[in-house]
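Quick note on numbering: my numbering labels position 202 of the sequence shown as 217, and the sequence is numbered without any gaps. Note that beta-carbon positions come from the ideal geometry of N, C-alpha and C, so glycine has one too. Quick notes on the structure that follows.
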Amino acid sequence: MFGRRSLGWAGAAVLLTGLLVSAPATAQAAEPLEYVALGDSSAAGPLIPWQIDLVCLRSGVNYPHVAAKQLGAQLADVSCSGAVVPDFTGKQFGFVPPQFSALKPTTDLVTVAIGGNDTGLVAAALSCINLLPAPAGTSCKARYTAGGTDQLAARVAATAPAVGAALDRIRELAPNAKVLVTGYGTYVRPNGCYPVVPVWPVDANYLQATVDRLNAMLAQQAAAHGAQYVDLRTPSIGHDACAPVGERWLEGLIPSSAAAPLHPSAAGMAAFGQIVATQATR
């Protein structure tokens with residue numbers, strides 16, 4: 016009896032060993048997601064500690080880094096403050112490599128944040144500052160729409176083909192990647208909050224309407240060129256530059272945290288990163 020039981024256990028052990036040896040190695044860990052972040056300062060996070068690239072003013076806690084951490088992704092963040100669409104294929108500042116050089120056939124995820132500098136929105140916003148209340152000064156809306164032509168709207172429309180062409184090129188360079196186009200947030204609430212943000216109500220509404228126009232263009236180009244649009248405007252309502260300190264995701268002319276004026280704060284980057292990571296997994 017004992018001898019037969021011993022033989023049975025031995026036979027079973029041999030059989031089990033054979034199965035383990037012959038079975039394919041299916042339990043190997045999956046390769047990490049390859050994620051490339053392209054874009055301008057709305058992605059780079061200028062002046063947010065800690066800065067990991069002083070040329071591009073890129074933060075180590077910007078939304079690409081937040082999203083990559085949540086996704087467990089291998090990140091190549093080439094976002095750079097001041098970037099315009101031509102910097103995707105050319106050297107920014109004359110020496111920063113083209114952002115598209117980070118794309119590979121193995122890239123799994125690409126985020127794109129672009130258009131604000133191409134349309135001159137930051138410079139336009141700065142030109143809208145009025146230190147004295149109306150009517151002591153000039154409305155920037157009046158300037159930009161003089162003669163019946165909205166100059167900023169025209170710039171947004173003129174930038175659309177370049178954005179579309181860039182998305183097509185991303186598809187060629189990273190054919191297997193999911194491409195997410197991130198929009199811009201809610202920078203100021205209806206009628207603004209003069210003098211906290213020293214922009215007249217009429218101009219505050221005009222500026223945010225122009226940001227919304229840019230977002231609509233980005234959404235349209237994403238849909239037309241095989242990408243997905245990520246809305247950051249709606250989630251950031253109530254977290255604009257007029258919000259109480261500590262609740263702001265986007266800073267005003269005088270930042271309330273370590274961040275560049277008229278740019279996302281660290282809190283905003285954390286929130287946007289969560290939104291991007293969620294969209295990436297859908």
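Continuous beta strand (DSSP E) stretch holding residue i: start and end
| i | result |
| --- | --- |
| residue 53 | 49–54 |
| residue 298 | Beyond the ends of the chain as shown, which are 16 and 297, falls residue 298; an answer cannot be given. |
| residue 245 | 243–245 |
| residue 63 | Here residue 63 belongs to no beta strand (DSSP E), and DSSP marks it neither H nor E. |
N- and C-terminal bounds of the alpha helix (DSSP H) containing residue i
| i | result |
| --- | --- |
| residue 166 | 166–188 |
| residue 225 | 216–239 |
Short Cβ contact (8 Å threshold) for residue i with residue j
| i | j | result |
| --- | --- | --- |
| residue 76 | residue 284 | yes |
| residue 268 | residue 280 | no |
| residue 195 | residue 294 | yes |
| residue 78 | residue 131 | no |
| residue 4 | residue 74 | Absent from the model: residue 4. The displayed extent of the chain is 16 to 297, so no value can be given. |
| residue 88 | residue 48 | yes |
| residue 247 | residue 140 | no |
| residue 118 | residue 67 | no |
| residue 116 | residue 59 | no |
| residue 143 | residue 81 | no |
| residue 103 | residue 181 | yes |
| residue 90 | residue 98 | no |
| residue 120 | residue 216 | no |
| residue 234 | residue 179 | no |
| residue 127 | residue 197 | yes |
| residue 148 | residue 209 | yes |
| residue 203 | residue 229 | no |
| residue 61 | residue 275 | yes |
| residue 245 | residue 291 | yes |
| residue 227 | residue 154 | no |
| residue 172 | residue 133 | no |
Simplified DSSP assignment, three categories, for residue i
| i | result |
| --- | --- |
| residue 291 | helix |
| residue 193 | strand |
| residue 265 | strand |
| residue 76 | coil |
| residue 257 | coil |
| residue 19 | Below a pLDDT of 50, predicted positions are generally treated as unreliable, and residue 19, at 34, falls in that range; the measurement from the model is reported next regardless. The answer is helix: DSSP assigns residue 19 an H, G or I state. |
| residue 42 | Here residue 42 scores only 43 on pLDDT, less than 50, and its place in the model should not be relied on; the value that follows carries that caveat. In this structure, residue 42 counts as coil in the three-state DSSP scheme. |
Where residue i falls, given that 16 or more other Cβ within 10 Å makes a residue buried
| i | result |
| --- | --- |
| residue 69 | exposed |
| residue 51 | buried |
| residue 106 | exposed |
| residue 164 | exposed |
| residue 110 | exposed |
| residue 201 | buried |
| residue 205 | exposed |
| residue 237 | buried |
| residue 122 | buried |
| residue 241 | exposed |
| residue 156 | buried |
| residue 129 | buried |
| residue 170 | buried |
| residue 192 | buried |
| residue 297 | exposed |
| residue 124 | buried |
| residue 249 | exposed |
| residue 207 | buried |
| residue 108 | exposed |
| residue 212 | buried |
| residue 263 | buried |
| residue 146 | exposed |
| residue 258 | buried |
| residue 286 | buried |
| residue 256 | buried |
Check: residue i C-beta below 7 Å from any heavy atom of the ligand NAD
| i | result |
| --- | --- |
| residue 135 | Within the structure as shown, the ligand NAD is missing, as the structure has no ligands at all. |
Next item on the list: Tell me the start and end of each unbroken beta strand (DSSP E) in the stretch 78–166 that is at least 3 residues and wholly inside, in chain order.
Entry: Taking 3 residues as the shortest admissible run, the stretch 78–166 contains the following complete beta strand (DSSP E) segments, listed from N- to C-terminal end: 89–92 and 124–128.
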